[in-house]
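A.B. asks: Right, I'll just put the structure down here and ask away after.
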Amino acid sequence: MTVDYSKAFKMAVCCKEVYQDFSKIIFSNGKEKPILINETTTDTQLAILSDSSGIIIVFQGSSSSFDWQTNFDTSQEWKAFDQDVIRGQIVAQKDKTYPYKTENTSGSLMHRGFTNAYCSVRSQIHEYIQNNNVTNVTVTGHSLGGALATLCVVDVQYNFVRKLTSIEAYTFGAPKVGSNGFCKPYNERVPKSYRFVHGMDIVPALPRWWQGYSHVDKELQIGSRFRLNFISARFKDHGLDGYISLLKELSIKN
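By the numbering used here, the letter at position 232 of the sequence shown is numbered 226, and the numbering carries on one by one without gaps.
Set out below in structure tokens:
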């Protein structure tokens, strides 16, 4: 598998920059002023960075107590990604690999907290892609932001597959998002998906497998998975600075 570590490094930097105060945020990527979305009902924040015909959708990770409530709302459900929510009827009606609420044969179940957070900003993302000359989409996020990026990229692929020539996902320290029934169609729909895990980062191990959760494909392990200070390393390795430092080294080497 070929990995563009230079782009992964840039995406990790974007993920760090999106944690800034939205009133004075500055990104190193993107030539135009970013589109900022801040949904207060779910405390969900993201930025859309445009550059030529491509956009980068950057989700903010956990930064408040509300976000942690989202993280721990681990119940799984079918979300109403049915005809009432999917506005552009792009994929044939017979295609049941995406998690429809009705006539679902894929067994797709998704984390309720993550799904509710993503759905609160979903229409604004769709509207932007629909109304602008967008052909390339990269979605990225760290921690909770990585979970939202995972939901977003497969949703965008499903609805705009005929409009887009390229769609990619880069996540860092992302938790699991759904059941195996969700992961299988995701892997088929988003082959350019790169899920980075630094060292002993604890968050990608959550929620646990016995809660019914599985990871989407293409895990890319960076940094050592063996430390003497086991407990502290599991939390320290979740920080974005570690991801950025190692990816910068890998981008130079490759």
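In this text, a Cβ means the ideal position worked out from N, Cα and C, and glycines have one as well.
Can you tell me whether DSSP reads ARG202 as helix, strand or coil?
C.D. replies: Reduced to three states, the DSSP call for ARG202 is coil.
A.B. asks: Sort out for me which residues DSSP pairs HIS136 with in a bridge.
C.D. replies: Its beta-bridge partners are PHE166.
A.B. asks: With a threshold of 16 other CB atoms inside 10 Å of the CB of THR159, please say whether the residue is buried or exposed.
C.D. replies: The residue is exposed, with fewer than 16 neighbouring Cβ atoms inside 10 Å.
A.B. asks: Are there three or more Cβ pairs, one per stretch, closer than 8 angstroms when the segment 111 to 131 is compared with the segment -3 to 5?
C.D. replies: Touching, no.
A.B. asks: Whose CA, out of GLU11, ASN153, LEU240, THR(-4), lies closest to the CA of GLY135?
C.D. replies: Minimum Cα distance to GLY135 is reached at GLU11.
A.B. asks: In three-state terms, what does DSSP make of GLN251?
C.D. replies: Residue 251 lies beyond the stretch modelled for the chain, which goes from -5 to 248, so this question has no answer here.
A.B. asks: In its own chain, which residues sit with a C-beta less than 6 angstroms from the C-beta of GLU26, not counting the 5 before and 5 after it?
C.D. replies: The residues are SER44.
A.B. asks: Please list the terminal residues of the continuous alpha helix (DSSP H) segment that includes PHE53.
C.D. replies: Taken as a continuous stretch (DSSP letters only), PHE53 belongs to no alpha helix (DSSP H), being part of the beta strand (DSSP E) at 48 to 53.
A.B. asks: With a cut-off of 7 angstroms, does the C-beta of THR36 fall near any C-beta of chain B?
C.D. replies: Protein chain content of the structure displayed is limited to a single chain, and chain B is not contained in it.
A.B. asks: So, using beta-carbon positions, are SER239 and LYS212 closer together than 7 angstroms?
C.D. replies: Not a contact, by the Cβ cut-off of 7 angstroms.
A.B. asks: Looking at the structure shown, is PHE21 part of a helix, part of a strand, or coil, going by DSSP?
C.D. replies: Coil at PHE21, not helix or strand.
A.B. asks: Is the beta carbon of LEU138 closer than 7 angstroms to that of SER56?
C.D. replies: Yes, they are a contact pair.
A.B. asks: Could you tell me the alpha carbon to alpha carbon distance between GLY330 and ASN125, rounded to whole angstroms?
C.D. replies: This structure leaves residue 330 out entirely; the chain is present only between -5 and 248.
A.B. asks: So, with DSSP's three-state summary, where would you put ASN110?
C.D. replies: Here ASN110 sits in helix by DSSP.
A.B. asks: In whole angstroms, give me the CA-to-CA distance for PHE176 and ASN153.
C.D. replies: Roughly 16 angstroms separates the two Cα atoms.
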